[in-house]
Amino acid sequence: MKFKKSVTPVFLFLLLGAGLLTFFVILSGARETGVLKDFYWFEADTSGFNSAPNRTRWYNYQWCGVSNGALNSCSSTKPATPFSPRDNFGSSGAMPKSFLDNRNTYYYLSRVAWAMLLIGIFYLVCAIVPMIVSIFMATVVGSFMAVLSLWLATFFITLAACLYTGCYVKARNAFHDGNRAARLGPKNFGFIWTSVALLLACSIWMTIAMTLFGVEKYQRQRHLHNRRSRLFGHQDSGTSSYSYDKSAISDEPHGTQDYTPKRVFRLWRPHGEAAATANAPVEANVVASDYDAER
Numbered sequence: 001m002k003f004k005k006s007v008t009p010v011f012l013f014l015l016l017g018a019g020l021l022t023f024f025v026i027l028s029g030a031r032e033t034g035v036l037k038d039f040y041w042f043e044a045d046t047s048g049f050n051s052a053p054n055r056t057r058w059y060n061y062q063w064c065g066v067s068n069g070a071l072n073s074c075s076s077t078k079p080a081t082p083f084s085p086r087d088n089f090g091s092s093g094a095m096p097k098s099f100l101d102n103r104n105t106y107y108y109l110s111r112v113a114w115a116m117l118l119i120g121i122f123y124l125v126c127a128i129v130p131m132i133v134s135i136f137m138a139t140v141v142g143s144f145m146a147v148l149s150l151w152l153a154t155f156f157i158t159l160a161a162c163l164y165t166g167c168y169v170k171a172r173n174a175f176h177d178g179n180r181a182a183r184l185g186p187k188n189f190g191f192i193w194t195s196v197a198l199l200l201a202c203s204i205w206m207t208i209a210m211t212l213f214g215v216e217k218y219q220r221q222r223h224l225h226n227r228r229s230r231l232f233g234h235q236d237s238g239t240s241s242y243s244y245d246k247s248a249i250s251d252e253p254h255g256t257q258d259y260t261p262k263r264v265f266r267l268w269r270p271h272g273e274a275a276a277t278a279n280a281p282v283e284a285n286v287v288a289s290d291y292d293a294e295r
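Mapping of the sequence shown onto UniProt numbering: position 227 corresponds to residue 227, and the numbering continues sequentially without gaps.
Shown next as structure tokens:
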């Protein structure tokens with residue numbers, strides 16, 4: 001299908017874009033300088049939380065104080081750093097009550113979201129190879145693997161986006177209730193939800209493409225089966241009107257066979273021969289009489 005082959009590369013480009021955006025989200029906090037320092041999940045006023053900075057940003061691998069756009073007083077770097085002010089800075093009377101009473105909610109939402117994000121990026125990478133192959137050589141197995149990987153990637157990355165959003169929106173509301181400034185990281189949330197939209201579009205298209213390919217292949221096989229049936233049926237009807245004298249086949253050595261003409265008796269006559277016999281019955285009787293006289 002020309003339409004399918006022309007549209008699939010467009011969705012492959014969108015899939016690569018979703019993968020790039022997701023990688024940027026995963027790399028959030030990998031460096032304290034450069035572009036990656038602006039990819040954070042949450043920023044809030046943490047003044048008075050024991051030894052916490054006045055303003056703190058939370059990343060995937062650490063939390064850091066921020067002053068005039070520069071990072072300082074960063075925590076030790078480790079993967080899946082949980083978001084939990086109570087665990088990050090210790091309990092404090094100045095801390096909003098929600099972080100003290102619902103510590104597990106924030107802690108596990110951020111940790112599980114990180115795990116779902118890693119699983120999602122794995123399936124996203126697994127979907128790229130069969131999708132590239134489907135452009136040049138469409139197969140049922142390749143299309144099925146692409147669709148399965150895409151839907152799994154969409155599910156896990158969407159789940160991660162929902163968990164991150166729920167965790168940090170709840171935290172923002174808790175800070176606002178305590179008359180403290182707080183905001184979500186625009187780049188991280190913009191990138192992850194854009195990835196969800198792109199993955200959903202790619203998953204829907206590949207599902208449609210696989211369905212169309214399966215229908216086309218079924219119709220092609222059915223048409224080929226019908227052609228073979230008509231071809232072999234015509235040959236069988238053509239050869240059934242012929243007969244041969246099996247008694248003429250002999251196992252005697254060459255030169256010793258008896259070449260005396262033998263009378264052949266047929267159980268039926270071909271259509272043309274039967275018509276000729278019906279039109280000239282007298283000639284047939286004369287020929288038979290002459291043959292008996294010669295014997």
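Using N, Cα and C, we set each Cβ at its ideal position, and we do this for glycine too.
Residue-chain proximity (T139, chain C), Cβ-Cβ < 7 Å: No chain C appears in this structure, which consists of one protein chain only.
Environment of residue 349 [buried if 16+ CB atoms lie within 10 Å]: This structure cannot speak to residue 349, because the chain is shown only from 1 to 295.
Beta-carbon proximity check, L200 vs A18, cutoff 7 Å: As a working mapping, residue 200 is identified with position 200 in the sequence shown. As a working mapping, residue 18 is identified with position 18 in the sequence shown. For the pair L200 and A18, the CB atoms are not nearer than the 7 Å cut-off.
Nonlocal neighbours in the same chain, by C-beta distance under 6 Å from L20, ignoring five residues either side: The residue given as residue 20 occupies position 20 in the sequence shown. For L20, where only same-chain residues beyond five positions count, there are no Cβ hits under 6 Å.
Beta-carbon separation (whole angstroms), T158 vs V196, contact threshold 8 Å: Here residue 158 is taken as the residue at index 158 of the sequence shown, counted from 1. Here residue 196 is taken as the residue at index 196 of the sequence shown, counted from 1. Yes, T158 and V196 are in contact; Cβ-Cβ is about 5 Å, under 8 Å.
Proximal residues to S73 (C-beta, below 8 Å), its chain only, five neighbours per side dropped: Taking the sequence shown and counting its residues from 1, the one referred to as residue 73 is at position 73. Once the five neighbours on either side are set aside, the close Cβ partners of S73 are P53, C64, G65.
DSSP state of G65 mapped onto helix, strand, coil: As a first step, residue 65 must be located in the sequence shown, where it is residue number 65. G65 sits in a strand when the DSSP states are folded into three classes.
Which of helix, strand or coil DSSP assigns to R57: Reading the sequence shown from its first residue, position 57 is the one you call residue 57. In the three-state scheme derived from DSSP, where H, G and I count as helix and E and B as strand, R57 is classed as strand.
Member of P130, R57, L27 whose CA lies at the smallest distance from the CA of G185: Sequence index remark: in the sequence shown, residue 185 carries index 185 (1-based). Minimum Cα distance to G185 is reached at R57.
Beta-carbon proximity list for A182, same chain, < 6 Å, skipping 5 on both sides: Along the sequence shown, one-based indexing puts residue 182 at 182. So the qualifying residues of the chain are A44, R172, F175.
Residues near G29 in its chain [Cβ-Cβ closer than 6 Å; skip 5 each side]: For the purposes of this step, residue 29 is taken as residue 29 along the sequence shown, with counting starting at 1. Cβ neighbours of G29 beyond the five flanking positions: Y59, N60, Y61, Q62.
First through last residue of the alpha helix (DSSP H) which encompasses R180: As a first step, residue 180 is located in the sequence shown; it is residue number 180 there, counting from the start. If you look at R180, you'll find it isn't in any alpha helix (DSSP H); DSSP assigns it neither H nor E.
Of the listed residues V7, S51, S84, nearest to K170 (C-alpha basis): Working through the sequence shown from its first residue, we reach residue 170 at position 170. Distance check between K170 and each of V7, S51, S84 places S84 closest, using alpha-carbon atoms only.
Alpha helix (DSSP H) segment containing N50, residue limits: The count along the sequence shown starts at 1 and reaches residue 50 at position 50. Taken as a continuous stretch (DSSP letters only), N50 belongs to no alpha helix (DSSP H), as it is neither H nor E.
Rounded separation between V112 and W41 - CA only: Start at 1 with the first residue of the sequence shown, and residue 112 comes out as number 112. Start at 1 with the first residue of the sequence shown, and residue 41 comes out as number 41. Rounded to whole angstroms, the separation of the alpha carbons of W41 and V112 is 15 Å.
Paired residues, beta bridge with N72 - DSSP: To locate residue 72, count along the sequence shown from 1; it is residue 72. G65, per the DSSP bridge assignment.
L109 and C167 closer than 7 Å at C-beta: On the sequence shown, residue 109 is found 109 positions in, with the first residue counted as 1. On the sequence shown, residue 167 is found 167 positions in, with the first residue counted as 1. If you check the CB distance, L109 and C167 come in under 7 Å.
A115: first and last residue of the uninterrupted alpha helix (DSSP H) it sits in: Numbered from its first residue, the sequence shown carries residue 115 at position 115. It spans 103-136 - the alpha helix (DSSP H) in which A115 sits, taken as one unbroken run.
According to DSSP, residues forming a beta bridge with E32: Indexing the sequence shown from 1 puts residue 32 at position 32. Answer by DSSP bridge pairing: none, since E32 is not bridged.
Simplified DSSP assignment, three categories, for S250: Walking along the sequence shown from the start, residue 250 turns up at place 250. Confidence is the limiting factor: at S250 the pLDDT is only 47, short of 50, which leaves the residue's position unreliable and the question unanswerable from this model.
Cβ-Cβ separation, L27 to L16 (assumed contact under 8 Å), whole Å: Taking the sequence shown and counting its residues from 1, the one referred to as residue 16 is at position 16. Taking the sequence shown and counting its residues from 1, the one referred to as residue 27 is at position 27. The Cβ separation is near 17 Å, so there is no contact.
Those residues which DSSP pairs with F155 across a bridge: As a first step, residue 155 must be located in the sequence shown, where it is residue number 155. None, per the DSSP bridge assignment.
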